[in-house]
Each structure stands twice: as C-alpha cells, then as structure tokens.
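As structure tokens, the structure follows; a few thoughts come after it.
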C-alpha cells in the first residue's frame, strides 16, 4: 500500500472516530442490556407509564450488540464497533473498484468523498451504522452478480435476515434490490439463468424479513411508521430546510454522479441510473438518506472508471490471496483512531439538561411518574429506571400513539389546554427545559420547582420537597454516560 493511500485511510478513520452521544444512546444501551440479560425481547414497555401500543423493537439486535461492545470496552468499544462497520463497508467498496482500476489519487479522493457523504450515518453511535454496512454489502453483492458471479446471490437473504433485526433501513435495501430485479429484464449483462437466480434471491430475501421476533407484525409496524412526516426531527427534513452542511453533503454525491455520467465512456446500467436517481430525489426530500445516496453513487456510478484491461480471473485470485492484508490494516487503523480520538463520547449539546439536575434526582432518590421532555426521556431511563418511569422518549411511534405524542406536543408548546393535558397524564414530577413557557403556568397552578437551572426545571406536586437551584451549569466537560 502506498504511503499516500495509507495516510488517506488514516485520515478517514480518524475523522470518523470523533463521536458524540445523541439523545437515544442511553436508551439503545439500556434496551440492549436488558435484552442480553433476559435473553429475549420485551413484550411490554417497562420504562414508560404512558406507552399505549405494543412495543415492536425493530433495532433489538443492534442494541444488543452495542451493549456488548459497551460492556467490554466502554465508550472506546462503541467507537471501535462503529469504525469496524465503516471499514467493512469501505473494504466492500474498494473490492468493487479493484476490478475496474482507478488511478490511486482518484481512488483515494473518491474514498474520502464517500466517507464524507456517509458521515451523518456514523457521527453518533446509532443502529443506522449497521444499515450503512449492510447496504454496502448488498451493493457489492449485486455488482458482483451482474458481472457474472451469480453464487453471490446466496448472500442477500442472509443480509436481510440480519438487517430486519438491526434497523428499519432494510426497506432502503429492499427497494434497491427490487429496482435491480425489474431492470435485469432489460439489461443484457444478466443472462436468462442469472435473472432467474436474481429473482429467486429477491423472493428468498423477502421471506427472510420474517426472521424476527415479531414476524409479520414487524413489517406492518414499519409500513405504518416509516414515513417522512416528522416535522420535529431535523434529519427527516428536506435538504433546503436543514443547516447548510446538510445541503453541502447532498451536493457531494450529486456532483460525483454528474461528473461520472459525463465522463464515462459507456452508458451506466439502467439499474444503477435508477437507484442513484431515486436516492438523489429521496435524500433531497429527506436528508437522513444522504449517506445511502453517497454509497449508491460510489458503488454504482464511480467516475473515470474504464473497463479493466487485465485478466479478471487473475485479479480475483490475487484478491483472494491477499484478503487478510486490508483486514489487518483496518484493525491497526481502528486501534490508532480509537486510542487518539475515540476513547470518550462527548456530551456537549445544548439540548442536554445540567449534570446537577441528574445528580439532584439521584441524591434525593426521587421515584414515580415523570413527565419528560422528548430529549430527556432515554437519559432518564438509563440513570433512574426502574425508580422513575417516563412519559415520552425517543422511541416515539414505537411505543407511543400519535394521539399521545400530540398531547405531549400541546404541553411542550404551551397550548391553551396544556394544563389539562398534564392533569390527564397525572405525573408525580415534570422535567422540562427551563425556556418553555408552560413552566410558568405549571408553577402558577401549584407545581413546585424542586430543581431550577439555566437549562432545565424539575417540578413536583409536593411543595415540601427539598429544593435547589443553580445559575450556571458546571463548566467541566461531560462525557457519556454522564451525568
């Protein structure tokens, strides 16, 4: 491996190693821990007092793996897991490019742009990192099968059997596979036999999605809940409604695809064009898909690629003989990156409550039902469950009906009926951001602030409780899991 290429890989892995914790990480680890300890998924929700629908945990396997990584290596274990998935996806991409030689500088630049495009999928530790890896595997398999290596079509059913249990992004993969099947009938690269094998593989993949603890209910749940109408979550917004960095990330694969289409000496396959076009439109409407868009462009429409003039069979044998080298290299890169940048997960978001608030709840052994702000729910589950049961958390439609989410929204936005909604929920405590106007109304109606800080307020119905306040949160940097 040339020194420049090695440096490029090191820069990419170190760039991806920097990781923050989002509002869902506490929940993912709690749920994964309890699944591992119980040896089964939960059939009912033990963490919330308001959940009003059966809990179909479509990320249960990812959460279990995340918990194992955390229990073994702490924050560094989570970072290593994320980087392992990212490097595995990168190896699949490099293997795809290897039969279509690129100049080293072009290859390294393309790899960096792809890593930049997929950064939103791995900026935090989330189950969608598994989707990134499995989507890359699927694209690699489809590319190899189209080149005539039809035995790779045994892989998609296995991919989907795993994917359906780690993240809802398998729907993206299913759509991609469906496009390839449909286009194969107009693509001369597929023989009659290979088309039949592709169709059989797709049918087996559809059946493989039933390999989950919930059976058909999992499919019904995802059909009902996976939709772009999530106005309160920024990553589900169109590219024009998010910060400028989102639009820039969408522009990168778009520019690469346009350049590739312009400079190619042969017309890209119809399946490649359609998949890339669908992701271009889809990710512009829902910026959350931009990482998948970047991968689709990298696998299906790399620019400046010419048909290999070497012996393909010899190249394949050389790849098989040296498979261990990139794996060892990636292992070394991950070790360096984790040691240098991934030993802790930063807690620096303005959405976080003060560490003093968490310490206060623990110190006073507070127990009961707590009306929680959306972003506080899973933090509270990690730190206080089972003593505290929350009213709302990041699982959203997984356990909460639309009607219940609307009731919370009316409280958060200080709607005229906000106090009535609080009374209907009947909590013992209310933990909300200090900036919400409904806090003043709650205090005026008899709720007692037992903790007050610049970021959050904890209210109780028992005015005799001990109280405390802080004007400024502690300036010491915070790392996961807090407080």
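In the working numbering, the protein residues as written are 1134 to 1616.
Here a beta-carbon is modelled for each residue, glycine too, at the ideal position from N, C-alpha and C.
Do residue 1239 and residue 1270 have their C-beta atoms closer together than 8 Å? The sequence position of residue 1239 within the chain shown is 106, counting from 1. The sequence position of residue 1270 within the chain shown is 137, counting from 1. Not a contact, by the Cβ cut-off of 8 Å.
Of the residues 1314, 1190, 1355 and 1517, which one's Cα is nearest the Cα of residue 1346? Start at 1 with the first residue of the chain shown, and residue 1346 comes out as number 213. If we check each option's Cα against that of residue 1346, 1190 comes out closest.
Just reading off the beta strand (DSSP E) that residue 1505 is part of, what are its end residues? Indexing the chain shown from 1 puts residue 1505 at position 372. First-last of the beta strand (DSSP E) with residue 1505: 1501-1505.
Mind checking who residue 1230 pairs with in its DSSP beta bridge? Locating residue 1230 in the chain shown gives position 97, where the first residue counts as 1. Its beta-bridge partners do not exist; DSSP assigns none.
Quick one: what does DSSP say residue 1494 is sitting in, helix, strand or coil? As a working mapping, residue 1494 is identified with position 361 in the chain shown. In the structure shown, residue 1494 sits in a helix (DSSP, three-state: H, G or I).
Distance check for residue 1313 and residue 1475, CA to CA, integer angstroms please. Numbered from its first residue, the chain shown carries residue 1475 at position 342. Numbered from its first residue, the chain shown carries residue 1313 at position 180. For residue 1475 and residue 1313, the distance between alpha carbons rounds to 38 Å.
Pick helix, strand or coil for residue 1419, following the three-state DSSP scheme. Position 286 of the chain shown holds residue 1419. It is coil, neither helix nor strand.
Taking only runs that begin and end inside the stretch 1518-1606, name each unbroken beta strand (DSSP E) of 3 or more residues, in chain order. 1521-1523, 1562-1566, 1581-1585 and 1589-1593
Opposite residue 1479 in the DSSP bridges: which residues? Position 346 of the chain shown, counting from 1, holds the residue named residue 1479. 1153 and 1612.
Between the C-alpha atoms of residue 1245 and residue 1264, what's the straight-line distance to the nearest angstrom? The residue labelled residue 1245 in the question sits at position 112 within the chain shown. The residue labelled residue 1264 in the question sits at position 131 within the chain shown. Those two C-alpha atoms are separated by around 20 Å.
Which residue from 1594, 1505 and 1535 puts its Cα closest to that of residue 1182? Within the chain shown, the letter at position 49 stands for residue 1182. Among 1594, 1505 and 1535, the Cα nearest to that of residue 1182 belongs to 1505.
Compare the C-alpha of residue 1419 against each of 1577, 1367 and 1410 and name the closest. On the chain shown, position 286 is the one that residue 1419 refers to. When only C-alpha atoms are compared, the closest one is 1367.
Which same chain residues, not among the five before or five after residue 1305, have their C-beta less than 6 Å away from its C-beta? Numbered from its first residue, the chain shown carries residue 1305 at position 172. Only 1425 meet the Cβ criterion.
Endpoints, alpha helix (DSSP H) assigned at residue 1508: Translated into positions along the chain shown, residue 1508 becomes position 375. No alpha helix (DSSP H) contains residue 1508, which DSSP labels as neither H nor E.
At 4 residues or longer, what runs of the alpha helix (DSSP H) sit wholly inside the stretch 1270-1316? 1288-1296
Which one or two residues does DSSP pair with residue 1181 in a beta bridge? On the chain shown, residue 1181 is found 48 positions in, with the first residue counted as 1. Paired residue(s): 1523.
Tell me, to the nearest whole angstrom, how far the beta carbon of residue 1241 is from that of residue 1342; I am working on the premise that it is less than 8 Å. If you number the chain shown from 1, residue 1241 lands on position 108. If you number the chain shown from 1, residue 1342 lands on position 209. 37 Å between Cβ atoms; not a contact.
Measure the alpha-carbon distance for residue 1172 versus residue 1298 and round it to whole angstroms. For the purposes of this step, residue 1172 is taken as the residue at position 39 of the chain shown. For the purposes of this step, residue 1298 is taken as the residue at position 165 of the chain shown. Looking at the two C-alpha atoms, the distance is approximately 15 Å.
Can you list, in chain order, the residues of its chain with a C-beta nearer than 6 Å to that of residue 1479? Leave out the 5 residues immediately preceding and following it. Translated into the one-based positions of the chain shown, residue 1479 becomes position 346. Correct list, in chain order: 1153.
Does the stretch 1399-1406 come into contact with the stretch 1315-1327, if we say contact requires no fewer than three beta-carbon pairs (one atom in each stretch) closer than 8 Å? yes
Looking at residue 1202 and residue 1194, is the spacing between their C-beta atoms short of 8 Å? What you label residue 1194 is simply residue 61 of the chain shown in a count that begins at 1. What you label residue 1202 is simply residue 69 of the chain shown in a count that begins at 1. No, these two residues do not count as a Cβ contact at 8 Å.
Quick check: what's the CA-CA separation for residue 1144 versus residue 1521? Within the chain shown, the letter at position 11 stands for residue 1144. Within the chain shown, the letter at position 388 stands for residue 1521. Roughly 43 Å between the two C-alpha positions.
Opening and closing residue of the alpha helix (DSSP H) in which residue 1242 lies: Position 109 of the chain shown, counted from the start, is the residue given in the question as residue 1242. It spans 1237-1255 - the alpha helix (DSSP H) in which residue 1242 sits, taken as one unbroken run.
Does the pairing of the stretch 1453-1470 with the stretch 1556-1564 give three or more beta-carbon distances under 8 Å? no
With DSSP run on the structure shown, which of helix, strand or coil describes residue 1176? Against the chain shown, residue 1176 aligns to sequence position 43. The answer is coil: DSSP assigns residue 1176 none of H, G, I, E or B.
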